[in-house]
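Residue numbers 38 to 565, in my numbering, belong to the letters of the sequence shown in order. Everything below concerns the one structure shown next.
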Amino acid sequence: MKNELNLVLSPEEAANESVVKSIAAKQLHIPESNITFIKTLKRSIDARSRNIKINLKIDVYINEQVPESSSYKRSYSNVSSKTPVIVIGAGPAGLFAALELIEKGIKPIVIERGKTVKDRRRDLAAINKEGIVNPHSNYCFGEGGAGTYSDGKLYTRSTKRGDITKVLELFVAHGAEETILIEAHPHIGTNKLPKIIETMRQTIIDNGGEIHFNTHVIDLIVKNNSIKGVVCKQLETDTSTEFIADSVILATGHSARDIFELLHKKNILIEGKTFAMGVRVEHPQALIDSLQYHCNLNEVEKKRDFLPASSYSLVHQAQGRGVYSFCMCPGGIIAPCATAPGEVVTNGWSPSKRNNPFANSGIVVTIEPEDYQKFASHGPLAGLRYQQALEKMAYDAGGQAGQIAPAQRLQDFVNNRMSPLLPDVSYQPGIKSAPLHELLPTEIGKRLQLGFTEFGKKMRGYLSNDAVIVGVESRTSSPIRIPRDKETLEHPQIKGLYPCGEGAGYAGGIVSAAIDGQKCASAIACIK
38 MKNELNLVLS
48 PEEAANESVV
58 KSIAAKQLHI
68 PESNITFIKT
78 LKRSIDARSR
88 NIKINLKIDV
98 YINEQVPESS
108 SYKRSYSNVS
118 SKTPVIVIGA
128 GPAGLFAALE
138 LIEKGIKPIV
148 IERGKTVKDR
158 RRDLAAINKE
168 GIVNPHSNYC
178 FGEGGAGTYS
188 DGKLYTRSTK
198 RGDITKVLEL
208 FVAHGAEETI
218 LIEAHPHIGT
228 NKLPKIIETM
238 RQTIIDNGGE
248 IHFNTHVIDL
258 IVKNNSIKGV
268 VCKQLETDTS
278 TEFIADSVIL
288 ATGHSARDIF
298 ELLHKKNILI
308 EGKTFAMGVR
318 VEHPQALIDS
328 LQYHCNLNEV
338 EKKRDFLPAS
348 SYSLVHQAQG
358 RGVYSFCMCP
368 GGIIAPCATA
378 PGEVVTNGWS
388 PSKRNNPFAN
398 SGIVVTIEPE
408 DYQKFASHGP
418 LAGLRYQQAL
428 EKMAYDAGGQ
438 AGQIAPAQRL
448 QDFVNNRMSP
458 LLPDVSYQPG
468 IKSAPLHELL
478 PTEIGKRLQL
488 GFTEFGKKMR
498 GYLSNDAVIV
508 GVESRTSSPI
518 RIPRDKETLE
528 HPQIKGLYPC
538 GEGAGYAGGI
548 VSAAIDGQKC
558 ASAIACIK
């Protein structure tokens, strides 16, 4: 017999299996000895008051054998001799598209301009320590995409996109902990994701798929408005190679600007769209914990015995635009995420334990076409040019020295003051004091000031000069949408071309990109 219960417990109670069992027995009016097993289904934290609670949904097994551990591994047939489909990009959209294609009996040929997760590490070390940007291998480009080395949060704001559970179970099947199926805001961590991504690669290869690294798509082969394949440059040998297929999933991510340029040059329809830009703000994690867990700084350590590093989610409407937190990283690190020399771009990540001393988050402003009329002559690339200009400004304000970023204390920014001294931050390349209140475009800077002021009212103590803002956060989403038919998911002009994921404007994170990859693969399977 199995009973489902919803329990509301203190953090101390929730952390003690014996106490959970005792409370469950009392609610079911049975002896504890009758409970043979308890399985946690969902877990979330309610920290809206000082009396913090843990919400648990559990299955209680009564007088039954302990159930066998669930296996999330899938059995695939070998597809090495099956119809090929080209997948451009080995980020979450591309990898999950490849797995879905194999499941449907189709051979994926994955083409990735970057390196394997292991080989990317040298280039990440170079950008962090020396400010050297490899335009093909960095935090955005390479196996696993941007999410592999920039956090690995696995939640999406929309449950309408598709089968979130299937995505999470595939992560578990490839080595992620089962807790991601339980937590309200699942997170794998940058330290653990690489191994999982490597295992996914092996699944694809073992079942007849192909993955080609250091292979940069430089052209699409199009005949009679139908895709026929792609032309690639082999980066290690500087030679060209053609891959032939009549279906191509374009899953290149939001930073593959050369793909947008290529499509525009070939008169393949792309569109500008709303996106967001701003800054990364960093506080001491202990300060955020004290604010979110309603305690003073001296009590934080005790709270953290039973609670994780706290996060926050903030939003405000300022002058008709949204100002909001994005990719909040408790116990995290600010990372340099430029994809070309001469630009500074920030993002954030956390290890699985979220045990670093700082908390950082993007704070961004919604950008509309009216904001970048100055670049209107660039047509659908206008938003991209605006994005590039802001990143160039950050590079110049940082002193044009590698990846040194402009920074300012938070209260100083809101009050239009320079910061003569800056606190320690997690951003490894280094920061330089700069008047970001003057350097940011008015449509961004003024709204950020209003947003931070309001956030300081919602979280008393958030608006602090112990916090620092680092510029710029500019890659929250793609400034371009590559249109596609709502039913077939094909580009309206080019038969067989399937725009996919964040870069095409149809996703906003790891899970939503993975789901979109699966959807594109399924759409192709319907016509094969």
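Note that the Cβ used here is the ideal one computed from N, Cα and C, for glycine as well.
Length-filtered (3 minimum) beta strand (DSSP E) runs lying within the segment 81 to 148: 90 to 99, 121 to 125 and 144 to 148
Using the three-state DSSP reduction, which class does E475 fall into: helix, strand or coil? Counting from 1 along the sequence shown, the entry for residue 475 is found at position 438. Of the three classes helix, strand and coil, the one that applies to E475 here is helix, per DSSP.
Can you name the start and end residues of the alpha helix (DSSP H) that A183 belongs to? Reading the sequence shown from its first residue, position 146 is the one you call residue 183. Where A183 is concerned, there is no enclosing alpha helix (DSSP H), given that its DSSP letter is neither H nor E.
Note down, one range per segment and in chain order, each beta strand (DSSP E) of at least 3 residues found wholly within the segment 223 to 278. Complete beta strand (DSSP E) runs here, min 3: 247 to 249, 252 to 260 and 263 to 271.
So is L324 buried or exposed if we call it buried at 16+ other beta carbons inside 10 Å? Start at 1 with the first residue of the sequence shown, and residue 324 comes out as number 287. By the neighbour-count rule (16 or more Cβ atoms within 10 Å), L324 is buried.
Spatial neighbours of N397 within its chain, please: C-beta separation below 6 Å, excluding the five flanking residues on both sides. Translated into positions along the sequence shown, residue 397 becomes position 360. R317, E319, C366, G369, I371 and G385, listed in sequence order.
From which residue to which residue does the beta strand (DSSP E) around S362 run? For this step, residue 362 is matched to residue 325 along the sequence shown. That run of the beta strand (DSSP E) goes R358 to C366.
Between the Cα of N333 and the Cα atoms of A134, G498 and K39, which residue gives the shortest distance? Position 296 of the sequence shown, counted from the start, is the residue given in the question as residue 333. Nearest C-alpha to N333: G498.
With H, G and I counted as helix, E and B as strand and the rest as coil, what does DSSP make of K285? Numbered from 1 along the sequence shown, position 248 holds the residue referred to as residue 285. The question names Lys, but residue 285 in the sequence shown is Val. Three-state DSSP puts V285 in a strand.
Just curious, the alpha helix (DSSP H) that A61 is in, first and last residue? The residue labelled residue 61 in the question sits at position 24 within the sequence shown. Secondary structure note for A61: its alpha helix (DSSP H) is the uninterrupted segment E54 to L65.
Using only alpha-carbon positions, find the residue among A210, H253 and A377 that is nearest to Q239. Your numbering for residue 239 matches position 202 in the sequence shown. Among A210, H253 and A377, the Cα nearest to that of Q239 belongs to A210.
To the nearest whole angstrom, what separates the beta carbons of L257 and I248, a pair I think is in contact under 8 Å? Residue mapping note: residue 257 aligns to position 220 of the sequence shown, counting from 1. Residue mapping note: residue 248 aligns to position 211 of the sequence shown, counting from 1. In this structure L257 does not touch I248 by the C-beta definition: roughly 20 Å separates them, more than the 8 Å allowed.
Hey, how far is the Cα of E491 from the Cα of I67? As a first step, residue 491 is located in the sequence shown; it is residue number 454 there, counting from the start. As a first step, residue 67 is located in the sequence shown; it is residue number 30 there, counting from the start. About 50 Å.
Could you tell me which residues DSSP pairs with G199 in its beta bridges? For the purposes of this step, residue 199 is taken as residue 162 along the sequence shown, with counting starting at 1. Answer is none; G199 lacks a bridge partner.
Alpha carbon to alpha carbon, how far is A61 from D449? Give it in angstroms, no decimals. For the purposes of this step, residue 449 is taken as residue 412 along the sequence shown, with counting starting at 1. For the purposes of this step, residue 61 is taken as residue 24 along the sequence shown, with counting starting at 1. Roughly 52 Å separates the two Cα atoms.
Taking 7 Å as the cut-off, does the CB of K79 come closer than this to any heavy atom belonging to the ligand MG? Ligands are entirely absent from the displayed structure, and the ligand MG is therefore not among its contents.
Does DSSP put A346 in a helix, in a strand, or in coil? The residue given as residue 346 occupies position 309 in the sequence shown. Coil at A346, not helix or strand.
Would you call the CB atoms of T403 and T311 closer than 8 Å? Counting from 1 along the sequence shown, the entry for residue 403 is found at position 366. Counting from 1 along the sequence shown, the entry for residue 311 is found at position 274. It is a contact, given that the beta carbons lie within the stated cut-off.
Residue burial classification, D408 (beta-carbon count within 10 angstroms, cutoff 16): Counting from one through the sequence shown, the residue named residue 408 turns up at place 371. With a threshold of 16 other beta carbon atoms within 10 Å, D408 meets it and is buried.
By DSSP's criteria, H320 is part of a beta bridge. Which residues make up the other side? In the sequence shown, the residue the question calls residue 320 occupies position 283. According to DSSP, which records beta bridges pairwise, H320 is partnered with A396.
Give the list of continuous beta strand (DSSP E) stretches no shorter than 3 residues that lie fully inside the segment 431 to 491. 442 to 446 and 468 to 470
E41 versus P48, E50, N53 and I72, residue with shortest Cα-Cα distance: Indexing the sequence shown from 1 puts residue 41 at position 4. When only C-alpha atoms are compared, the closest one is I72.
For D342, does the count of other Cβ atoms within 10 angstroms reach 16, so buried, or fall short, so exposed? In the sequence shown, counting from the first residue as 1, residue 342 sits at position 305. Exposed, by the Cβ-count rule.
Check each candidate in E336, E428 and G179 and name the one with the smallest Cα separation from G131. Translated into positions along the sequence shown, residue 131 becomes position 94. Nearest C-alpha to G131: G179.
How is K593 classed by DSSP in three states: helix, strand or coil? Here the chain comprises residues numbered 38 to 565, so residue 593 is not present and cannot be evaluated.
Measuring alpha carbon to alpha carbon, tell me which residue in S549, R422, A377 and G540 is nearest V170. Within the sequence shown, residue 170 is the residue found at index 133, counting from 1. Nearest C-alpha to V170: A377.
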